[in-house]
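Enquirer: One structure follows; several queries about it will come next.
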Amino acid sequence: MKKIIIGIHGLSNKPEKQLHSNTWIDSINEGLTNIKVPVPEYDFYLVYWSDLLYKYPQHNDPIFYFDKLYDKEPYVKAEPGSLKEYQDSWIDNLKSQVSDTADSLLDTFANEYIVENFIDGILKDKLQDLAFYYNNKQLITDRQGKKRPVKDVLRSELLDELSKHKDRQIMLISHSMGTIIAYDALRLAGKNADAPSIEHFVTMGAPLGIPHVKMKIAQENSRFPGKPDMEQVRTPSIVKKSWVNFSDKRDKISLDTHISDDYQQNLLGVKVKDDLIWNDYVSPITKKANPHKIFGYLRSPEVAKHINIFLQEN
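The sequence shown begins at 2 in our numbering and counts up by one.
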């Protein structure tokens, strides 16, 4: 039985499902080709939830380039020579130490002074999808026609797909807000005896280091009702071999590129490993770089090598 890569996309509206799924596959295969390894057979499934929050998908019809739904950041192959490994420097190490100290102070501030309502307001203004996710009063219609809280619907989308493949070797790749959905879904799945096993968990452009997000995790998984439990901010128990968090230090969504000090290891000893990459994506339409773009993450040499490990291992 072929191995399967399951992806879950992130914030904002997307092109229709099949097109977006195909561009994930194209990006993965481009990355593998770039590191000069044969592209093996594997199955891929994209957990697509954009249509649950947006009535119409993005389109790529150049006649309607002025339409707000026109996709100005489509998939295009990388420029020759642009897919290079990121070279860490002593400055990166220093920044990670400063970031850890700042995160600790912010975590304490959020815990002691209760800034949740303030941050919820910022999310509502700037990141609507994420604000909806954390608002239990915000209901959407699931695929069975039932009104449910956003986070319950989006988690179920992933949990249902994982359950279909619980007897297979799975790599779960998540991007942006999809990393939060994936993390929360894996924690829920770990509470069931027949939960699937995730060989490798990959997060890219993740906002998982934001104190507000960590506080939500600590509250939901707390052993002490009504109180956040920071010891429960850890690797999900069903992740068996690795959790790698890829980020570009220019990415404004993954504000904290160093989350390994924030998340404890699980009982199997699996602890998140941080890896910086260079996201090469530049829009062929606007000519602007977007270091948060999924295509640039998926085809980076570091991500490609990690995917290749999964596809080649027994």
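Positions of the beta carbon are idealized from the N, C-alpha and C atoms, including for glycine.
Keep in mind it's a predicted model, so treat the numbers as computed, not measured.
Taking the alpha carbon of Y87 as the reference point, which residue from P63, D275, Q170 has its own alpha carbon closest?
Expert: The candidate whose alpha carbon is nearest that of Y87 is D275.
Enquirer: What residues in its chain sit with their C-beta under 6 Å from that of I141, if we drop five residues either side in the sequence?
Expert: Correct list, in chain order: L53, V151, V154.
Enquirer: Relative to the alpha-carbon of S83, which residue among N315, G297, I310 has its alpha-carbon at the smallest distance?
Expert: Checking every option, the nearest Cα to that of S83 belongs to G297.
Enquirer: For V304, which of H176, R156, E17, K3 has the nearest alpha-carbon?
Expert: For the residues H176, R156, E17, K3, the minimum Cα distance to V304 belongs to H176.
Enquirer: To the nearest angstrom, how far is the alpha carbon of W50 from that of M216?
Expert: One C-alpha to the other measures close to 24 Å.
Enquirer: Does DSSP put P16 in a helix, in a strand, or in coil?
Expert: Note: P16 maps to strand in three-state DSSP.
Enquirer: Throw me the rounded Cβ distance for the G206 and H307 pair, which I believe falls under 8 Å.
Expert: With a Cβ gap of about 15 Å, G206 and H307 do not count as contacting.
Enquirer: Could you check what DSSP says for T287 in three-state terms: helix, strand or coil?
Expert: T287: coil per DSSP, three-state reduction.
Enquirer: Are the CB atoms of K73 and I286 nearer to each other than 8 Å?
Expert: It is a contact, given that the beta carbons lie within the stated cut-off.
Enquirer: Hey, which unbroken runs of the alpha helix (DSSP H) at 4 residues or more fall wholly within the segment 200-283?
Expert: List check, alpha helix (DSSP H) in window: 212-221.
Enquirer: If L70 and Q59 are in contact, beta carbons under 8 Å, what's the gap, nearest whole angstrom?
Expert: 5 Å between Cβ atoms; contact.
Enquirer: Using only the alpha-carbon positions, how far apart do D10 and W25 sit?
Expert: The sequence given here has His at residue 10, not Asp. C-alpha separation (whole angstroms): 9 Å.
Enquirer: Within the same chain, show all residues whose beta-carbon is closer than 6 Å to that of E42, passing over the 5 residues directly before and after it, in chain order.
Expert: Closer than 6 Å at the Cβ level, and outside the excluded window around E42, lie K3.
Enquirer: Kindly indicate the opening and closing residues of the beta strand (DSSP E) around V304.
Expert: Unbroken run through V304 is the alpha helix (DSSP H), 302-313; no beta strand (DSSP E).
Enquirer: Hey, would you say V273 sits closer than 8 Å to S261, going by beta carbons?
Expert: Closer than 8 Å, so yes.
Enquirer: With DSSP as the reference, label P63 as helix, strand or coil.
Expert: Three-state DSSP puts P63 in a helix.
Enquirer: Taking 7 Å as the cut-off, is the C-beta of T24 nearer than that to any heavy atom in the ligand FAD?
Expert: This structure simply doesn't include the ligand FAD, nor any ligand for that matter.
Enquirer: What is the DSSP secondary structure of S175, counted as helix, strand or coil?
Expert: Residue state, collapsed to three classes: strand.
Enquirer: In chain order, what residues of the same chain lie with their CB nearer than 6 Å to the CB of I120, ignoring the 5 residues before and after it?
Expert: In this prediction, I120 scores a pLDDT of 43, lower than 50, which makes its location untrustworthy; no coordinate-derived value is stated.
Enquirer: Are at least three pairs of beta-carbons, each pair with one atom in the segment 154-165 and one in the segment 182-190, less than 8 Å apart?
Expert: Taking 8 Å as the limit for Cβ pairs, the verdict is that the segment 182-190 does touch the segment 154-165.
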